[in-house]
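Participant: Sharing a structure here in structure tokens format.
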């Protein structure tokens, strides 16, 4: 039960991390290329 909860928590955190990365990385990439 704890393992399942941990996996769900990890998936949520990874999703949030990817979302933030996509949100913040795109403008920075545009600035670097520009």
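In this note's numbering, the protein residues as written are 12 to 45. Beta carbons are placed, not taken as given, at the ideal position from N, Cα and C, and that holds for glycine.
1) With DSSP run on the structure shown, which of helix, strand or coil describes residue 12?
2) Do we get a CB-CB distance below 8 Å when we pair residue 28 with the residues of chain C?
3) When DSSP labels each residue in this structure, what does residue 45 get in the three-state scheme?
4) Please report how far the alpha carbon of residue 40 lies from the alpha carbon of residue 34, in whole angstroms.
Facilitator: Quick look at the numbers:
1) coil
2) Judged by its chain identifiers, the structure shown contains no chain C, having just a single protein chain.
3) coil
4) 11 Å
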